[in-house]
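Protein sequence lines, in the order shown, are assigned to chains A and B. My numbering puts the first residue of the first sequence at 9, with every later residue one more than the last. My numbering puts the first residue of the second sequence at 5, with every later residue one more than the last. The beta-carbon is built from N, C-alpha and C at its ideal position, and this holds for glycine as well. Reviewing the structure listed below.
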Amino acid sequence: MSVFVIRRLMQSIAVVAVMSFIVFFGIHIVGDPVDMLINPEADQADIEAAMHALGLDRPAHEQYWYFLVNAFKGDLGRSFIFGEPALQLIVQRMPATLELAFAALFLSVLIGIPLGVYSGLHPDTLASKTIMSGSILGFSLPTFWVGLMMIMVFAVILGWLPSTGRGETVPLFGIPVSFLTLDGLSHLLMPAVNLALFKMSLVTRLARAGTREVVHQDYIKFARAKGLSPRRVVLVHVLKNIMIPVVTVIGLEFGGLIAFSVVTESVFAWPGMGKLIIESIQNLDRPVIVAYLMITVLMFVTINLVVDVLYSVLDPRVRLQDIRA
Amino acid sequence: MRILNTVFGAAMALALVGAVPAAAKELKVGLGNEPSAIDPHYHNLGPNSAVASSIFDALINQDEKQRLMPGLATSWKPLDDTTWEFKLRKGVKYHDGSDFNADDVLASFERVPNVPNSPSSFATFTKGKTFTKVDDYTIHVKTAAPHPLTPNDLSQIWIVSDKVAATASTADFNSGKAAIGTGPFKFVEWVPNDRLILERNNAYWGDKPEWTKVSIQPIKSGPARVAALLAGDVDFIDAVPTTDIPRLKGDGDLSLSQGPSNRVIYLHLDHDRDDSPFVKAKDGGSIKNPLKDLRVRKAISKAINRDAIVERVMEGVAVPAGQLLPEGFFGVSPNLNPEPYDPKGAQALLAEAGVPDGFKLTIHGPNDRYINDAKIAEAIAQMLTRIGIETSVETLPKAVYFKRASRGGPDGSPEFSFVLVGWGAGTGEASSPLKALTHTYDKSKGLGTTNRGRYSNAALDTIIEQALATVDDDKRKGLLQKATEMAIGDLAVIPLHYQVNTWAARKGIKYTARTDERTAYAGVHSGM
Numbered sequence: 009m010s011v012f013v014i015r016r017l018m019q020s021i022a023v024v025a026v027m028s029f030i031v032f033f034g035i036h037i038v039g040d041p042v043d044m045l046i047n048p049e050a051d052q053a054d055i056e057a058a059m060h061a062l063g064l065d066r067p068a069h070e071q072y073w074y075f076l077v078n079a080f081k082g083d084l085g086r087s088f089i090f091g092e093p094a095l096q097l098i099v100q101r102m103p104a105t106l107e108l109a110f111a112a113l114f115l116s117v118l119i120g121i122p123l124g125v126y127s128g129l130h131p132d133t134l135a136s137k138t139i140m141s142g143s144i145l146g147f148s149l150p151t152f153w154v155g156l157m158m159i160m161v162f163a164v165i166l167g168w169l170p171s172t173g174r175g176e177t178v179p180l181f182g183i184p185v186s187f188l189t190l191d192g193l194s195h196l197l198m199p200a201v202n203l204a205l206f207k208m209s210l211v212t213r214l215a216r217a218g219t220r221e222v223v224h225q226d227y228i229k230f231a232r233a234k235g236l237s238p239r240r241v242v243l244v245h246v247l248k249n250i251m252i253p254v255v256t257v258i259g260l261e262f263g264g265l266i267a268f269s270v271v272t273e274s275v276f277a278w279p280g281m282g283k284l285i286i287e288s289i290q291n292l293d294r295p296v297i298v299a300y301l302m303i304t305v306l307m308f309v310t311i312n313l314v315v316d317v318l319y320s321v322l323d324p325r326v327r328l329q330d331i332r333a
Numbered sequence: 005m006r007i008l009n010t011v012f013g014a015a016m017a018l019a020l021v022g023a024v025p026a027a028a029k030e031l032k033v034g035l036g037n038e039p040s041a042i043d044p045h046y047h048n049l050g051p052n053s054a055v056a057s058s059i060f061d062a063l064i065n066q067d068e069k070q071r072l073m074p075g076l077a078t079s080w081k082p083l084d085d086t087t088w089e090f091k092l093r094k095g096v097k098y099h100d101g102s103d104f105n106a107d108d109v110l111a112s113f114e115r116v117p118n119v120p121n122s123p124s125s126f127a128t129f130t131k132g133k134t135f136t137k138v139d140d141y142t143i144h145v146k147t148a149a150p151h152p153l154t155p156n157d158l159s160q161i162w163i164v165s166d167k168v169a170a171t172a173s174t175a176d177f178n179s180g181k182a183a184i185g186t187g188p189f190k191f192v193e194w195v196p197n198d199r200l201i202l203e204r205n206n207a208y209w210g211d212k213p214e215w216t217k218v219s220i221q222p223i224k225s226g227p228a229r230v231a232a233l234l235a236g237d238v239d240f241i242d243a244v245p246t247t248d249i250p251r252l253k254g255d256g257d258l259s260l261s262q263g264p265s266n267r268v269i270y271l272h273l274d275h276d277r278d279d280s281p282f283v284k285a286k287d288g289g290s291i292k293n294p295l296k297d298l299r300v301r302k303a304i305s306k307a308i309n310r311d312a313i314v315e316r317v318m319e320g321v322a323v324p325a326g327q328l329l330p331e332g333f334f335g336v337s338p339n340l341n342p343e344p345y346d347p348k349g350a351q352a353l354l355a356e357a358g359v360p361d362g363f364k365l366t367i368h369g370p371n372d373r374y375i376n377d378a379k380i381a382e383a384i385a386q387m388l389t390r391i392g393i394e395t396s397v398e399t400l401p402k403a404v405y406f407k408r409a410s411r412g413g414p415d416g417s418p419e420f421s422f423v424l425v426g427w428g429a430g431t432g433e434a435s436s437p438l439k440a441l442t443h444t445y446d447k448s449k450g451l452g453t454t455n456r457g458r459y460s461n462a463a464l465d466t467i468i469e470q471a472l473a474t475v476d477d478d479k480r481k482g483l484l485q486k487a488t489e490m491a492i493g494d495l496a497v498i499p500l501h502y503q504v505n506t507w508a509a510r511k512g513i514k515y516t517a518r519t520d521e522r523t524a525y526a527g528v529h530s531g532m
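Below, the structure is given as structure tokens:
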């Protein structure tokens with residue numbers, strides 16, 4: 009077992025190392041940050057001074073070495089634009105993104121599962137056909153367009169909801185959150201629905217497929233035969249059994265939810281990490297891009313490592329396979 | 005009111021109007037750009053200076069047409085060719101109540117070149133100058149060589165108190181601890197990416213602004229910014245996308261403020277290489293660079309229908325350009341007009357130049373930097389193809405484009421043959437584009453920095469350098485006009501149009517459009 013874990017750990021470290029190399033050199037091929045940073049009125053001497061101050065006059069491999077040395081000390085570099093540590097900039101914006109992602113996740117489960125179960129139980133009704141067609145729209149409509157349409161309808165025409173921003177925040181354990189104030193909630197609703205739309209459709213379809221499969225299983229028939237109320241059959245026996253694939257997929261897709269939030273955050277001017285990374289890419293703020301990608305890589309590698317280890321605990325075959333390989 | 009806002013949409017508009025009494029007036033703003041810091045000496049870039057102009061003052065302030073106006077200095081004059089005297093304003097107080105005097109000015113200039121991690125230093129404006137205090141309200145500026153732009157340079161440097169200048173870090177400004185200026189607004193709070201809050205400085209020495217509070221929200225996406233205005237979440241937005249302008253114009257609840265900017269959109273062509281990488285013969289073989297021939301450059305200029313570009317591509321929101329700055333700016337020539345559209349004449353010129361059938365050309369341009377930049381490049385390609393110059397278009401994101409356009413070729417030479425670019429004259433007069441775009445690329449003199457066509461004309465260089473060293477305003481004006489006429493006469497660059505900037509607000513709010521694209525909250529008036 010420990011051999012297996014150590015092997016996996018080494019592999020993870022190798023992945024992180026390779027990724028840092030690819031990310032760092034990949035971003036160094038693109039453009040020159042000085043052109044984005046410096047005032048056009050500056051002369052050649054000013055440009056060279058700025059390049060020198062940012063370390064851009066050094067060869068790329070030397071810059072990479074500095075980056076590695078500092079990364080081991082937990083310093084992923086300073087933003088060229090803000091002059092603040094890149095890690096700090098990302099961490100500051102993380103709560104907003106996580107709040108949005110969790111809200112979207114919550115909505116997609118809260119709405120997706122009942123819709124899916126309903127249309128799984130009554131597959132031929134008009135309502136369930138509408139739900140299924142609706143879920144196709146949810147899959148296929150571009151987030152950007154849906155976001156703008158929502159703003160047009162609910163903010164501009166009806167005036168029910170504020171169009172952009174995060175609204176009033178209150179600190180919860182020192183982290184600013186929106187969902188505890190009415191104003192914050194009203195700002196959160198549209199972006200969360202916008203972000204949830206895709207996941208909601210996914211959950212609906214999974215729940216429907218699961219339900220259709222599960223209702224024909226023997227234990228459901230037995231539960232019915234035992235005289236349990238339909239309510240109890242659905243809420244306990246069906247729901248419990250369809251949740252396994254739903255939870256797995258939601259877990260895996262949560263990373264995607266954070267990644268997708270880039271578009272939603274731009275449309276709704278939501279001050280999260282996605283907006284930061286997009287603006288950093290546009291302005292070639294290399295340290296922030298590299299730090300962001302490194303954090304993402306680290307996150308995914310950790311999740312995968314944990315999953316692998318869990319699998320091996322649950323299923324000895326995985327371990328044996330690995331040793332044989 | 006916040007609750008109403010969320011629940012009763014219909015009541016919201018009423019509530020907004022009703023809840024804003026004359027005493028406390030808040031202006032909610034949605035901006036396309038956001039500063040990288042509140043520190044006024046950290047990053048020499050548009051959005052930073054825009055915010056700084058509300059909180060701080062410079063010795064000389066620039067008005068909406070970038071003319072120099074007394075700021076913390078009440079008057080200034082050259083004592084001789086290399087010495088300038090500035091008389092400072094008395095009785096000015098900082099937001100914390102302390103007094104302003106000459107020590108603050110000296111300390112600010114001292115701080116400028118020494119800001120750590122500054123991505124684009126304001127030292128551009130202080131280098132080559134030594135500052136001495138004569139008395140508490142007089143300073144002398146000594147320049148290494150005659151430098152007529154000294155007042156323009158100093159209008160870019162914001163003044164902070166000597167206490168702040170000696171100790172404050174950029175982070176201290178961002179947190180508000182050190183964000184203490186003499187400007188029309190006081191700093192309240194900045195949450196990057198989310199909001200910037202300012203309040204009125206009731207002790208301001210100049211005209212007090214109308215708004216007791218200004219809250220600024222960065223909304224980078226153009227459609228979202230417009231939607232925020234339409235929804236009533238903000239009162240005032242900048243950088244209105246051109247496609248939305250007709251719709252907003254027709255909306256009776258909104259008003260637009262427009263004005264030409266100091267930014268010219270122009271074409272730079274390869275004046276240097278005999279075999280230019282993106283100029284090919286019709287059959288794809290190499291050809292002696294025809295762009296070096298003035299007749300070919302003239303033909304290109306004549307083939308471009310500037311009115312059509314302004315009308316169709318820019319939705320009317322631009323002014324056809326015949327030189328490097330719109331009229332009204334210092335040093336602009338009264339004799340230059342936009343080249344009229346003349347395809348026949350263009351073809352005749354091509355024939356005269358020995359390329360009657362034209363050649364192949366690639367135009368390179370950015371696609372996220374100037375208003376409708378990619379569409380302009382496409383329009384120009386079509387117009388040139390019509391006279392026989394088969395033009396293909398390649399547009400790139402600015403992050404990639406500018407490096408390649410400036411120094412993507414061998415030995416740091418410009419990579420492209422024919423580029424679409426823009427230039428905003430930060431100094432607000434004609435020497436800025438002349439020295440950067442049309443002077444020979446000369447690293448040791450710091451001239452021709454952005455000469456991406458490597459145009460070189462010794463006679464023009466002499467006049468530009470002479471103008472840059474002539475302190476007498478009238479003489480300098482003449483020299484700049486002459487230099488502009490020479491540069492345009494030889495088509496060192498081909499000017500296309502001046503950008504027009506558009507701000508939009510809810511009805512009743514008026515803004516005096518600024519040529520430098522800044523949004524200055526003191527210039528926003530409700531007219532009520």
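Proximal residues of chain B, C-beta to C-beta of residue i below 7 Å
i, result
"residue 283 (chain A)", "197"
"residue 160 (chain A)", "231"
Euclidean distance between Cα positions of residue i and residue j
i, j, result
"residue 453 (chain B)", "residue 447 (chain B)", "7 Å"
"residue 174 (chain B)", "residue 110 (chain A)", "34 Å"
"residue 136 (chain B)", "residue 72 (chain B)", "22 Å"
"residue 333 (chain B)", "residue 80 (chain B)", "20 Å"
"residue 313 (chain A)", "residue 90 (chain A)", "34 Å"
"residue 25 (chain B)", "residue 242 (chain B)", "With a pLDDT of 42 at residue 25 (chain B), under the threshold of 50, the modelled position of this residue cannot be trusted, and the question is left open."
"residue 316 (chain B)", "residue 497 (chain B)", "23 Å"
"residue 215 (chain A)", "residue 114 (chain A)", "15 Å"
"residue 487 (chain B)", "residue 468 (chain B)", "6 Å"
"residue 80 (chain A)", "residue 74 (chain A)", "10 Å"
"residue 157 (chain A)", "residue 67 (chain B)", "40 Å"
Neighbour list for residue i in chain A, Cβ cutoff strictly below 8 Å
i, result
"residue 224 (chain B)", "274, 277, 283 and 287"
"residue 46 (chain B)", "91"
"residue 454 (chain B)", "48"
8 Å Cβ cut-off: residues of chain B touching residue i
i, result
"residue 107 (chain A)", "Those do not exist, as residue 107 (chain A) stays about 13 Å from chain B at its closest Cβ, beyond 8 Å."
"residue 269 (chain A)", "By Cβ distance, chain B contributes nothing, its closest Cβ being about 14 Å from residue 269 (chain A), past 8 Å."
Beta carbon proximity, residue i to chain B, threshold 8 Å
i, result
"residue 50 (chain A)", "yes"
"residue 201 (chain A)", "no"
"residue 40 (chain A)", "yes"
"residue 58 (chain A)", "yes"
"residue 230 (chain A)", "no"
"residue 214 (chain A)", "no"
Chain A contact residues for residue i, given Cβ-Cβ distances below 7 Å
i, result
"residue 49 (chain B)", "47"
"residue 95 (chain B)", "What residue 95 (chain B) touches in chain A: nothing, since even the nearest Cβ is about 33 Å away."
"residue 450 (chain B)", "51, 52 and 53"
"residue 410 (chain B)", "43"
Any chain A beta carbon closer than 8 Å to residue i
i, result
"residue 427 (chain B)", "yes"
"residue 245 (chain B)", "no"
"residue 370 (chain B)", "no"
"residue 347 (chain B)", "no"
Chain D contact residues for residue i, given Cβ-Cβ distances below 7 Å
i, result
"residue 30 (chain A)", "Annotation note: the requested chain D is absent from the structure, which comprises protein chains A and B."
Paired residues, beta bridge with residue i - DSSP
i, result
"residue 65 (chain B)", "B:73"
"residue 30 (chain B)", "B:217"
"residue 137 (chain B)", "B:143"
Contacts that residue i makes with chain A (C-beta to C-beta distance below 9 Å)
i, result
"residue 66 (chain B)", "Simply none; closest approach about 14 Å."
Practice prompt. Write down every uninterrupted run of the alpha helix (DSSP H) in the stretch 244-310 of chain A whose length is 4 residues or greater and which is fully enclosed by it, in chain order.
Written response: 247-275 and 281-290
Worksheet entry | Every unbroken beta strand (DSSP E) inside the stretch 172-223 of chain A [3 residues or more] | 178-180 and 183-185
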